[in-house]
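S.K.: Taken in order, these protein sequences are the chains called L and B. Quick note: the first sequence, position 375, residue 623 per the working numbering, numbers continuous. Quick note: the second sequence, position 251, residue 385 per the working numbering, numbers continuous. Cβ atoms here follow ideal geometry from the backbone N, Cα and C, with glycine treated the same way.
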Amino acid sequence: MKKKLFGHNFAVVYRFEVVRTLKKKSFWVTMLAFPILITAVFGIAFYAGNQSDTASANLAKEKFSIGVTDNSNVISGTIIKQTGATKITDKNTGMAKVKAGKLDAYFYYPKNLAKDKVEIYAKNVGIFDNSKYQAVAQSLLQSSALAKTSPEVVAILGSKINFDVQTFQDGKSYNPMMEMIAPGVFLVLFYLIIATFGGQMMNAVVEEKENRVSEMILTTIKARTLIIGKIFAFLTLILIQMLVIVSLVAIAYLLLRNNLNLPSFALSQIPLNPGRIITSFIIFMAALLLYSGLLVAIGAAMPTAKEANQFFAIPMLLIFAPLYVAPMLITSVKTPMISFLTFFPFTAPVPLMLRNAVGNLTAIETIIGFSILTITAIIIFVIAARLFQTGAVEYSKKLSLKNVFKKK
Amino acid sequence: MSRETKNVIEVKNFVMRFGDKEVIHDLSFAVKRGETFGFLGSNGSGKTTTLRALLGIYEPTAGELLINEQKYDVAGNTKIGYLPEERGLYKKEQVLDVMIYFGQLKGMTRAAASDFSLKYLAKVGLNGYETSRIDKLSGGQQQKVQLGITIMNDPELLILDEPTKGFDPVNQRLLMDIILDLQQRGTTVMMVTHQMDEVEKLCDRVLLLKDGIAKEYGTVASVRKKYGGKHMEDIFIKIYGGIDGENEDETNGHFSLSGLAKSQKRKK
Chain L
249 MKKKLFGHNF
259 AVVYRFEVVR
269 TLKKKSFWVT
279 MLAFPILITA
289 VFGIAFYAGN
299 QSDTASANLA
309 KEKFSIGVTD
319 NSNVISGTII
329 KQTGATKITD
339 KNTGMAKVKA
349 GKLDAYFYYP
359 KNLAKDKVEI
369 YAKNVGIFDN
379 SKYQAVAQSL
389 LQSSALAKTS
399 PEVVAILGSK
409 INFDVQTFQD
419 GKSYNPMMEM
429 IAPGVFLVLF
439 YLIIATFGGQ
449 MMNAVVEEKE
459 NRVSEMILTT
469 IKARTLIIGK
479 IFAFLTLILI
489 QMLVIVSLVA
499 IAYLLLRNNL
509 NLPSFALSQI
519 PLNPGRIITS
529 FIIFMAALLL
539 YSGLLVAIGA
549 AMPTAKEANQ
559 FFAIPMLLIF
569 APLYVAPMLI
579 TSVKTPMISF
589 LTFFPFTAPV
599 PLMLRNAVGN
609 LTAIETIIGF
619 SILTITAIII
629 FVIAARLFQT
639 GAVEYSKKLS
649 LKNVFKKK
Chain B
135 MSRETKNVIE
145 VKNFVMRFGD
155 KEVIHDLSFA
165 VKRGETFGFL
175 GSNGSGKTTT
185 LRALLGIYEP
195 TAGELLINEQ
205 KYDVAGNTKI
215 GYLPEERGLY
225 KKEQVLDVMI
235 YFGQLKGMTR
245 AAASDFSLKY
255 LAKVGLNGYE
265 TSRIDKLSGG
275 QQQKVQLGIT
285 IMNDPELLIL
295 DEPTKGFDPV
305 NQRLLMDIIL
315 DLQQRGTTVM
325 MVTHQMDEVE
335 KLCDRVLLLK
345 DGIAKEYGTV
355 ASVRKKYGGK
365 HMEDIFIKIY
375 GGIDGENEDE
385 TNGHFSLSGL
395 AKSQKRKK
């Protein structure tokens, strides 16, 4: 019988898993929910922004009678005239006019604006519309101050000065932030995949046990082939999801870019460092295999999906923990803690990918890190297959590694 | 060696240990081509463990378990139909998809698996259920699907672990018909069962296993002769009854609370 690359019946399992998932409505609903959610959030933000702008414009247009007492001498007489406000000599008169309904609002500007409050007395027009009084009082102050100031000072105070920074390395222009983007994509992808599909990976082989199918399955296929078939099917489905999501987001971006005032991305300006991108990719693949194996192994040891899900926090914690020391991963790589996080197989993916993205991972560290990830992934897969094989007929018991290797 | 006498299954000096507990002790037997072999024993005697070791689900502690002179290999050439004691199917999937999947895992082409499945479903009254989800079928209908999967690759060796367990009478009859049909076509059948009337009706030879040791092994006729022509059920009770000698004499092989009452009196 000819030997097949991934084992007997690999293609049958792979096809079955991919096709049956693609036929499920829940797969498409989950996948489309993400871009729909993003679109909805942007849509709401856009709508709210529009509504806010319209309301502000309406308020600005709204005419109401104002009285002003300016002890600060900041408010310009011209601006008071332009707004149609009337000058009032003392606070009590202003307050009395508001109470009598002769004025809609009265603003009292104290002598020392930095120390004392501007007092506003006005006719109640509702919880939201009352805010217009403060906006107008503020506007009178700002307009008067700007009228007395040069445009340069206005720009400085408003933090509207533009800067252009160029840094160099080895005589060539080098922007560390931009350099991070291309290799850093794999780190983001790794997080997204594990966070989104980790639970499904963990439950990949629990289904056989829960449904009491494993015994029949294991007379037609080796546990290792079944697991590899399922993992490859998952990776294919993840790829399909990513392609659909990215396509939808790109289409939505192109269609709505102008309407929503979205920033324009010049992809051509992102530096592409082939060495770092390839390194990130191979670390990403090894990390994905390691964590797929770990999640499947947890699932294989548990009798039900419910019990397996209780352990999902452990791999998530191991992945997220290095992020707490992210600044150290960028600046203090010589410390023992960073070395540990970089080379301990279950925490290694993030430090390896992040350090490679920022450019402080040496070639030797890359080789050691990649080797550790790959060897551990293989060991984990062997354990996962063994757990599934042994646990296949343990329909109601959790398995321990001790028991698994004792039964041999 | 003639076709009939060649062994399809050979178990030689099989020992199985779980941790410190030895559950099968030096078990040896063979199943000949074309025969129906009854693998009998009380609950916990080691029957299912032996089947699982034979099919590579368990790794034996010692000894050899061979099918067609080889350790069972999922990629091997022997066409096997296995109905395990613990049964189930992919509950969320459609009937036809599941049958085709198992057919393909058993080496059939997709077209052949589909063709067999449709014909089988029609034959057992499940036409119209091809696209139904498994969990939408009744328990009896699921059993029919499971039986179809067991025999769909036209097995040369059928291994049935308590085949009638949990089956309703209709499906029990269906199963018996299937076994008889396969018997006539020369299929070797090894079955674990507690139904002694089935054993007398279907089996050529039997092995009675108790606590991992073969108590009796031979043709149904020879075993019955050894026990004075008693029916298999009486022989089974004699071996596994769990009734000690004193009580057995008083109760003629039936369980009685009177012995227990006596013991209680003695304790007082």
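1. Quick check on DSSP: helix, strand or coil for methionine 576 of chain L?
2. For the beta strand (DSSP E) holding alanine 353 of chain L, just list the boundary residues, first then last.
3. Taking all protein chains shown into account, decide if glutamine 489 of chain L is buried (16 or more other Cβ within 10 angstroms of its Cβ) or exposed.
4. Check whether the Cβ atoms of threonine 265 of chain B and glutamine 228 of chain B sit closer than 8 Å, and answer yes or no.
5. Short of 9 Å Cβ to Cβ, which residues in the region 196-210 of chain B face chain L?
6. Whose Cβ in chain L lies nearer than 7 Å to the Cβ of glutamine 238 of chain B?
7. Give me the Cβ distance between phenylalanine 438 of chain L and leucine 536 of chain L, rounded to the nearest whole Å; I'm assuming they're in contact under 8 Å.
8. Is the beta carbon of leucine 543 of chain L closer than 8 Å to that of methionine 450 of chain L?
9. Counting only beta-carbon separations shorter than 8 Å, does leucine 223 of chain B have a partner in chain L?
10. List, in order along the chain, the chain L residues whose C-beta lies closer than 7 Å to that of proline 218 of chain B?
11. Looking at isoleucine 631 of chain L: is its Cβ nearer than 8 Å to the Cβ of alanine 498 of chain L?
12. When DSSP labels each residue in this structure, what does lysine 140 of chain B get in the three-state scheme?
13. What did DSSP end up calling methionine 324 of chain B once you bin it into helix, strand or coil?
14. Can you list the alpha helix (DSSP H) stretches of 4 or more residues lying completely in the region 295-378 of chain B, in chain order?
15. For a minimum of 3 consecutive residues, which ranges assigned as the beta strand (DSSP E) are wholly contained in the region 198-281 of chain B?
16. Report all residues from its chain with a CB closer than 7 Å to the CB of isoleucine 158 of chain B; omit the five preceding and five following residues, and keep chain order.
17. Which residues in chain L have a C-beta closer than 8 Å to the C-beta of arginine 267 of chain B? List them in chain order.
18. Name the one or two DSSP bridge partners that valine 316 of chain L has.
19. When you compare the CB of lysine 140 of chain B with every CB in chain L, is at least one pair closer than 8 Å?
20. With a cut-off of 8 Å, does the C-beta of leucine 189 of chain B fall near any C-beta of chain L?
21. Using a Cβ cut-off of 8 Å (strictly closer), state whether valine 266 of chain L contacts chain B.
22. Report the neighbours of asparagine 459 of chain L on chain B: residues whose CB is nearer than 7 Å to its CB, in chain order.
23. Out of curiosity, what's the CA-to-CA distance linking phenylalanine 529 of chain L and isoleucine 286 of chain L?
24. Could you check whether threonine 467 of chain L and valine 403 of chain B sit closer than 8 Å to each other, using their CB atoms as the reference points?
25. Using a beta-carbon distance cut-off of less than 7 Å, what residues from the region 410-442 of chain L approach chain B?
26. Expressed to the nearest angstrom, what Euclidean distance is found between the alpha-carbon atoms of proline 575 of chain L and lysine 380 of chain L?
27. What residue range is occupied by the uninterrupted beta strand (DSSP E) comprising alanine 370 of chain L?
28. Check whether the Cβ atoms of leucine 223 of chain B and valine 461 of chain L lie closer than 8 Å to each other.
29. Quick one, are the C-beta atoms of phenylalanine 163 of chain B and leucine 341 of chain B less than 8 Å apart?
30. Starting from threonine 269 of chain L, follow the beta strand (DSSP E) in both directions and report where the run begins and ends.
31. Could you give the first and the last residue of the continuous alpha helix (DSSP H) run that contains threonine 590 of chain L?
32. I'd like the list of long-range same chain contacts for serine 320 of chain L, defined as Cβ closer than 8 Å, with 5 residues on each side in sequence excluded.
33. Which of helix, strand or coil does DSSP assign to methionine 425 of chain L?
34. Contact criterion: CB-CB distance below 8 Å. Does histidine 256 of chain L meet it with respect to chain B?
35. The alpha helix (DSSP H) with alanine 395 of chain L in it runs from where to where?
36. What's the gap between the Cα of lysine 478 of chain L and the Cα of isoleucine 369 of chain B?
M.R.: Inspection of the coordinates gives the following:
1. Here residue 576 of chain L corresponds to residue number 328 of the first sequence, with the count starting at 1. Helix at methionine 576 of chain L.
2. On the first sequence, position 105 is the one that residue 353 of chain L refers to. Where alanine 353 of chain L is concerned, the enclosing beta strand (DSSP E) stretches over 353-357.
3. Translated into the one-based positions of the first sequence, residue 489 of chain L becomes position 241. It is buried - the Cβ of glutamine 489 of chain L has at least 16 other Cβ atoms within 10 Å.
4. Here the question's residue 265 of chain B lines up with position 131 in the second sequence. Here the question's residue 228 of chain B lines up with position 94 in the second sequence. Contact flag set, yes.
5. Tyr206, Asp207, Val208, Ala209, Gly210
6. Translated into positions along the second sequence, residue 238 of chain B becomes position 104. Ordered by position in chain L, the residues that pass the 7 Å Cβ test against glutamine 238 of chain B are Val260.
7. Within the first sequence, numbered from 1, the residue matching residue 438 of chain L stands at position 190. Within the first sequence, numbered from 1, the residue matching residue 536 of chain L stands at position 288. The pair is a contact, with the Cβ atoms about 7 Å apart (cut-off 8 Å).
8. As a working note, residue 450 of chain L is residue 202 in the first sequence. As a working note, residue 543 of chain L is residue 295 in the first sequence. Taking 8 Å as the Cβ cut-off, methionine 450 of chain L and leucine 543 of chain L qualify as a contacting pair.
9. Here residue 223 of chain B refers to the residue found at position 89 of the second sequence. Yes, contact with chain L.
10. To locate residue 218 of chain B, count along the second sequence from 1; it is residue 84. Chain L residues near proline 218 of chain B: Glu463, Met464.
11. Translated into positions along the first sequence, residue 631 of chain L becomes position 383. Translated into positions along the first sequence, residue 498 of chain L becomes position 250. No, Cβ-Cβ distance for isoleucine 631 of chain L and alanine 498 of chain L is not below 8 Å.
12. Walking along the second sequence from the start, residue 140 of chain B turns up at place 6. In the structure shown, lysine 140 of chain B sits in coil (DSSP, three-state: anything other than H, G, I, E or B).
13. As a first step, residue 324 of chain B must be located in the second sequence, where it is residue number 190. Of the three classes helix, strand and coil, the one that applies to methionine 324 of chain B here is strand, per DSSP.
14. 303-318, 330-336, 354-360, 366-374
15. 214-217
16. The sequence position of residue 158 of chain B within the second sequence is 24, counting from 1. Around isoleucine 158 of chain B: Phe148, Val149, Met150, Gly180, Thr183, Thr184, Gly346.
17. Along the second sequence, read from residue 1 onward, the residue named residue 267 of chain B stands at position 133. Here the premise fails: no neighbours, minimum Cβ distance about 11 Å.
18. As a first step, residue 316 of chain L is located in the first sequence; it is residue number 68 there, counting from the start. Looking at the DSSP assignment, valine 316 of chain L forms a beta bridge with L:Lys335, L:Phe355.
19. Working through the second sequence from its first residue, we reach residue 140 of chain B at position 6. Taking Cβ atoms only, chain L never reaches closer than 8 Å to lysine 140 of chain B, which makes this a no.
20. The residue given as residue 189 of chain B occupies position 55 in the second sequence. With 8 Å as the cut-off, leucine 189 of chain B counts as an interface residue toward chain L.
21. In the first sequence, counting from the first residue as 1, residue 266 of chain L sits at position 18. Closer than 8 Å: no.
22. As a working mapping, residue 459 of chain L is identified with position 211 in the first sequence. The contacting residues are Gly222, Leu223, Tyr224, Lys225.
23. Position 281 of the first sequence, counting from 1, holds the residue named residue 529 of chain L. Position 38 of the first sequence, counting from 1, holds the residue named residue 286 of chain L. Distance between the alpha carbons of phenylalanine 529 of chain L and isoleucine 286 of chain L: 27 Å.
24. Since the first residue shown for chain B is 135 and the last is 402, residue 403 of chain B is missing from the structure and cannot be characterised.
25. none
26. Locating residue 575 of chain L in the first sequence gives position 327, counting from the first residue. Locating residue 380 of chain L in the first sequence gives position 132, counting from the first residue. Near 44 Å, if we compare the C-alpha coordinates of lysine 380 of chain L and proline 575 of chain L.
27. Within the first sequence, numbered from 1, the residue matching residue 370 of chain L stands at position 122. First-last of the beta strand (DSSP E) with alanine 370 of chain L: 367-370.
28. Numbered from 1 along the second sequence, position 89 holds the residue referred to as residue 223 of chain B. Numbered from 1 along the first sequence, position 213 holds the residue referred to as residue 461 of chain L. Yes, the pair counts as a contact, with Cβ atoms nearer than the cut-off.
29. Taking the first residue of the second sequence as 1, we reach residue 163 of chain B at position 29. Taking the first residue of the second sequence as 1, we reach residue 341 of chain B at position 207. Contact: yes.
30. Here residue 269 of chain L is taken as the residue at index 21 of the first sequence, counted from 1. Segment 258-270 is the alpha helix (DSSP H) holding threonine 269 of chain L; no beta strand (DSSP E) there.
31. Numbered from its first residue, the first sequence carries residue 590 of chain L at position 342. Unbroken alpha helix (DSSP H) run through threonine 590 of chain L: 584-591.
32. Residue 320 of chain L sits at position 72 when you count from the first residue of the first sequence. Only Tyr357, Pro358, Lys359, Asn360, Leu361 meet the Cβ criterion.
33. What you label residue 425 of chain L is simply residue 177 of the first sequence in a count that begins at 1. Helix, per DSSP.
34. Here residue 256 of chain L refers to the residue found at position 8 of the first sequence. Answer yes: the Cβ-Cβ gap between histidine 256 of chain L and chain B drops below 8 Å somewhere.
35. Position 147 of the first sequence holds residue 395 of chain L. Segment 379-395, the alpha helix (DSSP H) holding alanine 395 of chain L.
36. Against the first sequence, residue 478 of chain L aligns to sequence position 230. Against the second sequence, residue 369 of chain B aligns to sequence position 235. Looking at the two C-alpha atoms, the distance is approximately 48 Å.
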